[in-house]
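**Student:** Per mature numbering (1 follows the signal peptide of the UniProt record, and there is no 0), the sequence shown runs over residues -29 to -1, 1 to 695.
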Amino acid sequence: MTLQLYMNIILLHFIEICVLINFTPPSVGDQISRSETVDQDRRKIQVKPKIEMEPQPKAGAGCLRGVKTKKSPQRSGHKQLRKFRNTLEQWLVKPAKCATGPRPDDQQDKMTTRDSFQSTSSTSSNSKNTANHSISESDEDTQPLTSQDFLVLPDSTDCGNREKPRHHDQIQSSSKQSGKITEFFSGTSSRFSSRPGRSDQPSDNQDAEGGGASQEVTWLGTPISELRRMPDCSAPLPQLEDDPDLHTVMIKTDFLKDDNIPVPYPSKFKDTWDDVYVKMPCSSWNLFPIEDEVIVYFYGIVFTVVIILNGLLYFIYFFLQNAILKYNASHAKKWDFRALHIYCAKVNKCTHTEQMILTFLCLLQPIPLLKRGMNHSITMSQEQVACLLANAFFCTFPRRNSRKSEYTNYPDINFYRLFEGTSTKKIEKLKTLMCYFESVTKQMPAGLVTFTRKHLDKPPKWKSSQTQLTKLHITCEGTIEDDGCGMLQVDFANRFVGGGVTGSGLVQEEIRFLINPELIVSRLFTEVLDHNECLIITGTQQYSKYSGYAQTYQWEGNHEDVTPRDNWQRRCTEVVAIDALLFRNFLEQFQPMKINRELNKAFCGFARPEQKPEHLSAVATGNWGCGVFGGDTRLKALVQMLAAAEAGRDVAYFTFGDSRLMTDVYNMHSFLTQKNISVGEVYDLLEQYYHSVCKNPDISLYSFIYQQVHPNSDSVRADVPTED
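1. Under three-state DSSP, which class holds Lys250?
2. So Asp629 is in the alpha helix (DSSP H); what residue range does that whole segment cover?
3. To the nearest angstrom, how far is the alpha carbon of Gly619 from that of Leu440?
4. Residues in the same chain with beta-carbon distance under 7 angstroms from Phe675, minus the five sequence neighbours each way, listed in chain order, please.
5. Which term fits Asn385, buried or exposed, when burial requires 16 or more other beta carbons within 10 angstroms of its beta carbon?
6. Quick check: Phe574 and Ala608, are their CB atoms within less than 8 angstroms of each other?
7. When the Cα atoms are used, what is the spatial distance from Lys396 to His312?
8. Skipping 5 residues on each side, what residues in its chain have a beta carbon closer than 6 angstroms to that of Trp306?
9. Once the 5 residues before and after residue 699 are set aside, which same chain residues still bring their CB inside 6 angstroms of it?
10. Are the CB atoms of Asp537 and Pro233 within a distance shorter than 8 angstroms?
11. Could you tell me if Leu419 is buried or exposed, where buried requires 16 or more neighbouring beta carbons within 10 angstroms of its beta carbon?
12. Opposite Pro339 in the DSSP bridges: which residues?
13. Among the residues of its own chain, which have a CB less than 7 angstroms from the CB of Glu617, if the five just before and after it don't count?
14. Taking the beta carbon of Ser475 as the centre, do at least 16 other beta carbons fall within 10 Å, making it buried, or is it exposed?
15. Residues in the same chain with beta-carbon distance under 8 angstroms from Gln679, minus the five sequence neighbours each way, listed in chain order, please.
16. Using DSSP with H/G/I as helix, E/B as strand and the rest coil, what is Met351?
17. Quick check on the DSSP output: the alpha helix (DSSP H) that includes Val546 runs from which residue to which?
18. Please determine, among Lys400, Asp501, Lys413 and Leu500, the residue with the shortest C-alpha to C-alpha distance to Asn487.
19. Tell me which residues share the same chain as Ser373 and place their Cβ nearer than 6 angstroms to its Cβ, disregarding the 5 neighbours each side in the sequence.
20. Could you tell me if Arg631 is buried or exposed, where buried requires 16 or more neighbouring beta carbons within 10 angstroms of its beta carbon?
21. Measure the alpha-carbon distance for Ser410 versus Leu459 and round it to whole angstroms.
22. May I ask you to report which of helix, strand or coil DSSP gives Lys99?
23. Cβ of Pro252 within 8 angstroms of Cβ of Phe368?
24. Tell me which same chain residues have a C-beta within less than 6 angstroms of the C-beta of Glu354, skipping the five on either side of it?
25. Can you grab the Cα-Cα spacing for the pair Pro(-4) / Phe289, in whole Å?
26. Would you mind reading off the limits of the alpha helix (DSSP H) that contains Ala589?
27. At what residues does the alpha helix (DSSP H) containing Asp462 begin and finish?
28. In the DSSP assignment, find the alpha helix (DSSP H) that holds Ile313 and state where it starts and stops.
29. Put Ser493 into one of helix, strand or coil per three-state DSSP.
30. Kindly indicate which residue of Gln292, Ala300, Leu296 and Ala303 has the alpha-carbon position closest to the one of Cys315.
31. Since Glu658 is in the alpha helix (DSSP H), which residue starts that stretch and which ends it?
32. Where do the ends of the alpha helix (DSSP H) carrying Leu672 lie?
33. With which residues is Gln439 paired in a DSSP beta bridge?
34. CA-CA distance, Phe642 and Leu672?
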């Protein structure tokens, strides 16, 4: 039997199935037309641009386009950089527009998540929901798919490979396409022209002016190998037990063994439908109409990924769309599946059929909602997490498709927004998520994941604190997820955890949730975070490699996570979601009330009062709350160092390519530790700076601290560089 005859038989069987389910497949002409379109797109993908591409993302994703510095020529742009009368605003990198103008979905990406990752600039600072200090996701891009959407940047195929540590001059080079997120932010955020009226004029010695670091220096401070990591520093865990008030455990702890899939607990399903627990699709109370107007209830989910021969790849889209709309008939005319359609059309390989059957037999206990003001944990198996994510993909969670339901204060969990539009970002997101489903289909992981909502009842008395600063490792290379392995890893979060991961967002938080998809489940039961709250997720696994950031993000294949497990069979990966404030006015962030909020938020995420400091891993963090949220990188670095010191943790700080910021923060940390300046004294200096300088600013924060602690500024500046 020839291959063509085999394909014809399969096609005939498929048409028979379509008839049985009242579905009309596309005509042959439509198939040919679409096939030609896809072929044209593929040919366009292979066309490399003739000009040399810079490693920064498009339209202000962290680059310094249009900014003229003292050491670099003016870059081309259709608008000149606006000069600020307020000199302090010069250290905050303002958005610059490319010569060709930003694409419509560039602004969209910058505004969908609580923070704009490691970047210190953004495309736009306009957003909604100012009173709530959150940025909601805008409508999905509905522009037609063009060849520009499919351009492959130079050397992008090698982006996923882990590179050896590079020298500083290599990091700042723009002649080579970068492959990791951090390499898209090689600009230095404070290289601006001299400010008139400054009291700390530069000296002749360049090393005393902040450029003192050798070109080959890529890290400063304590070697990262000397910082504490899990599981080496971890204290012995107690017996895993269910506590109705503090900890919901959804598996039988007696059968918790290595490499064995945990057994769900209890043995019989408890049907609950109220405002205390998640409303589950399998509940008998979940009634909804289907096509023939018969009222049924959901009995489980069967998730099937079928990849056949190339001639039938196109039909996968219709299988998935029909499965999703089967339980969402009321949204059939509203939901847009173009991104899913394009993804299915672009799947370009033949594999054997994979099938994953996930029923709610592995979720027998109601899942409590983690509401505001709660201190509560939920521990479930990775198999249970996979079941929930499969249902999120098929949009089966009831009452979660409308902003007007009782879940208005909860993030989206159903994936319907991920299927909208034609943006290539959506295609890469779908590739990343499908990699996860394929991985757990082939081999279900046997570990646990814990989600903990933490409420800070009593914040520290910052002004009277006598705590000294802890160790600091600061680097312009590396990433939080790779080099911060075993540390407490900071998620620059949205108040609605996950930000735009199920929509169009694709910056730091969304990327982390994509490569560790088990983080997404937290959106099912975590209410919006208050100012004194955080979310801690322990045990998630990384399934994908990636390269790029925002518009240049690309899925680069499977990732084998070899992170060790603790005694509860959780990966020693601890991610803390803390959301920063949005500042529309630069000087606003120096107000004592705002600094208190950021200190308390960071401290809430870092502190573990029930553990001794020697059992606490270091904090792996970066430019939290900067970029589109208007935070100053040097102030935010100082705030996080103070919070970590009060919590008893060392700090690994990633500047994401900004070597000047690395030098400035290191010098400030060294200066404060050498002078034995306590957390309380630094806090008092921040207050003085706001009251005495911010009203008529003519001096930077770090210069002010140097002068206040050591009035002989000449001797200070001879030893310690400043930020300019």
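By construction, the Cβ of each residue, glycine as well, lies at the ideal position given by its N, Cα and C atoms.
**Tutor:** If we stick to the structure as given:
1. Here residue 250 corresponds to residue number 279 of the sequence shown, with the count starting at 1. In this structure, Lys250 counts as coil in the three-state DSSP scheme.
2. Position 658 of the sequence shown holds residue 629. First-last for Asp629: undefined, no H or E at that position.
3. Locating residue 619 in the sequence shown gives position 648, counting from the first residue. Locating residue 440 in the sequence shown gives position 469, counting from the first residue. Their backbone Cα atoms lie some 9 angstroms apart in a straight line.
4. As a first step, residue 675 is located in the sequence shown; it is residue number 704 there, counting from the start. Contacts found: Tyr660 and Val664.
5. The residue given as residue 385 occupies position 414 in the sequence shown. Answer is buried; the Cβ neighbour count reaches 16.
6. Position 603 of the sequence shown, counting from 1, holds the residue named residue 574. Position 637 of the sequence shown, counting from 1, holds the residue named residue 608. Result no, Cβ atoms of Phe574 and Ala608 do not sit closer than 8 angstroms.
7. The sequence position of residue 396 within the sequence shown is 425, counting from 1. The sequence position of residue 312 within the sequence shown is 341, counting from 1. The alpha-carbon atoms of Lys396 and His312 are separated by roughly 14 angstroms.
8. Against the sequence shown, residue 306 aligns to sequence position 335. So the list reads Tyr387, once near-sequence residues are dropped.
9. Coverage of the chain is limited to positions -29 through 695, which leaves residue 699 absent and any answer about it impossible.
10. Here the question's residue 233 lines up with position 262 in the sequence shown. Here the question's residue 537 lines up with position 566 in the sequence shown. The answer is no: Cβ separation not under 8 angstroms.
11. Along the sequence shown, read from residue 1 onward, the residue named residue 419 stands at position 448. Buried, since its Cβ has 16 or more Cβ neighbours within 10 Å.
12. Residue 339 sits at position 368 when you count from the first residue of the sequence shown. Answer is Tyr248.
13. On the sequence shown, residue 617 is found 646 positions in, with the first residue counted as 1. So the qualifying residues of the chain are Pro431, Ser436, Thr438, Phe574 and Val650.
14. Residue 475 sits at position 504 when you count from the first residue of the sequence shown. Classification of Ser475: buried, given that the 10 Å Cβ count is 16 or more.
15. As a first step, residue 679 is located in the sequence shown; it is residue number 708 there, counting from the start. Around Gln679: Leu656 and Gln659.
16. Counted from its first residue, the sequence shown places residue 351 at position 380. Reduced to three states, the DSSP call for Met351 is strand.
17. Mapped onto the sequence shown, residue 546 falls at position 575. No alpha helix (DSSP H) holds Val546; the beta strand (DSSP E) holding it covers Glu545 to Asp550.
18. For the purposes of this step, residue 487 is taken as residue 516 along the sequence shown, with counting starting at 1. Checking every option, the nearest Cα to that of Asn487 belongs to Lys400.
19. Position 402 of the sequence shown, counted from the start, is the residue given in the question as residue 373. Within the same chain, Ser373 has no close Cβ partners at all.
20. Sequence index remark: in the sequence shown, residue 631 carries index 660 (1-based). Buried, since its Cβ has 16 or more Cβ neighbours within 10 Å.
21. In the sequence shown, counting from the first residue as 1, residue 410 sits at position 439. In the sequence shown, counting from the first residue as 1, residue 459 sits at position 488. Cα-Cα distance, rounded: 26 angstroms.
22. To locate residue 99, count along the sequence shown from 1; it is residue 128. Note that Lys99 scores a pLDDT of 41, beneath 50, so its modelled location is shaky and nothing firm can be said.
23. By one-based count along the sequence shown, residue 252 stands at place 281. By one-based count along the sequence shown, residue 368 stands at place 397. Taking 8 angstroms as the Cβ cut-off, Pro252 and Phe368 qualify as a contacting pair.
24. Residue mapping note: residue 354 aligns to position 383 of the sequence shown, counting from 1. For Glu354, where only same-chain residues beyond five positions count, the Cβ hits under 6 angstroms are Ile232, Cys333 and Met415.
25. Position 26 of the sequence shown, counted from the start, is the residue given in the question as residue -4. Position 318 of the sequence shown, counted from the start, is the residue given in the question as residue 289. Bear in mind that the predicted position of Pro(-4) carries a pLDDT of just 45, short of 50, making it too unreliable to give a figure here.
26. In the sequence shown, counting from the first residue as 1, residue 589 sits at position 618. Element bounds for Ala589: n/a, residue is neither H nor E.
27. As a first step, residue 462 must be located in the sequence shown, where it is residue number 491. Not the alpha helix (DSSP H): Asp462 falls in the beta strand (DSSP E), residues Leu459 to Ala464.
28. Sequence index remark: in the sequence shown, residue 313 carries index 342 (1-based). Residues Arg309 to Lys317.
29. Here residue 493 refers to the residue found at position 522 when the sequence shown is read from its first residue. In the structure shown, Ser493 sits in a helix (DSSP, three-state: H, G or I).
30. By one-based count along the sequence shown, residue 315 stands at place 344. Selected option, being the one with the closest Cα: Gln292.
31. By one-based count along the sequence shown, residue 658 stands at place 687. Element bounds for Glu658: Val650 to Ser663.
32. Here residue 672 is taken as the residue at index 701 of the sequence shown, counted from 1. Segment Leu672 to Val680, the alpha helix (DSSP H) holding Leu672.
33. Taking the sequence shown and counting its residues from 1, one reaches residue 439 at position 468. The partner list for Gln439 (beta bridge, DSSP) reads Ser649.
34. In the sequence shown, residue 642 corresponds to position 671, counting from 1. In the sequence shown, residue 672 corresponds to position 701, counting from 1. About 14 angstroms.
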